Amino acid sequence: MVVHASRRSIAHLSMRRVPKAARTSELLRACAWCERIAVGGCWIAPDVAIQQLRTYEWSEPPRFTHGACDTCLENLLRRRELSIGGALATNESVAR
Ligand SMILES: [Zn+2]
Numbered sequence: 672m673v674v675h676a677s678r679r680s681i682a683h684l685s686m687r688r689v690p691k692a693a694r695t696s697e698l699l700r701a702c703a704w705c706e707r708i709a710v711g712g713c714w715i716a717p718d719v720a721i722q723q724l725r726t727y728e729w730s731e732p733p734r735f736t737h738g739a740c741d742t743c744l745e746n747l748l749r750r751r752e753l754s755i756g757g758a759l760a761t762n763e764s765v766a767r
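Residues 672 to 767 in my numbering are what the sequence shown lists, from first letter to last.
1. Assign residue 707 to buried or exposed, taking buried as 16 or more other Cβ atoms, counted over all protein chains shown, within 10 Å of its Cβ.
2. Taking the alpha helix (DSSP H) that residue 724 falls in, what are its first and last residues?
3. Measure how close the beta-carbons of residue 713 and residue 743 come, nearest whole angstrom, since I'm counting them as under 8 angstroms.
4. Can you have a look at residue 698 and say buried or exposed, based on whether 16 or more other CB atoms are within 10 angstroms of its CB?
5. With burial defined as no fewer than 16 other Cβ atoms inside 10 Å of the residue's Cβ, what is the status of residue 759: buried or exposed?
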């Protein structure tokens with residue numbers, strides 16, 4: 672599943688220079704769930720990140736580390752709360 676960056680985040684990104692660190696051998700951070708890439712404080716779609724970072728001009732292929740973007744982290748935490756809540760409800764009904 673790929674979530675595309677909003678127009679606002681793309682516009683915000685295009686007004687800023689690509690961070691110098693992104694052009695070096697430092698790792699790019701990708702969301703392990705939706706594959707968005709963290710660039711300049713925004714999580715953007717991979718195709719947009721490729722265009723913005725111009726990775727095709729890098730002397731070496733980009734290297735990645737993985738994490739969770741804000742949206743996916745929020746969804747994961749929400750699901751965990753539901754899971755824990757369901758387990759607690761089940762335990763309460765067993766205890767009665
Ligand atoms: Zn994500």
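Glycine included, every Cβ here is placed at the ideal spot set by N, Cα and C.
Just so it is clear, the structure is predicted and the values come from calculations on it, not from any experiment.
Reading off the structure:
1. Along the sequence shown, read from residue 1 onward, the residue named residue 707 stands at position 36. Sixteen is the threshold: when 16 or more other Cβ atoms of the shown chains lie within 10 Å of the Cβ of residue 707, as they do, the residue is buried.
2. Your numbering for residue 724 matches position 53 in the sequence shown. Where residue 724 is concerned, the enclosing alpha helix (DSSP H) stretches over 717 to 724.
3. Position 42 of the sequence shown holds residue 713. Position 72 of the sequence shown holds residue 743. With a Cβ gap of about 14 angstroms, residue 713 and residue 743 do not count as contacting.
4. As a position in the sequence shown, residue 698 is number 27, starting the count at 1. Here residue 698 is exposed: its Cβ has fewer than 16 other Cβ atoms, across all protein chains shown, within 10 Å.
5. Residue 759 sits at position 88 when you count from the first residue of the sequence shown. Classification for residue 759: exposed.
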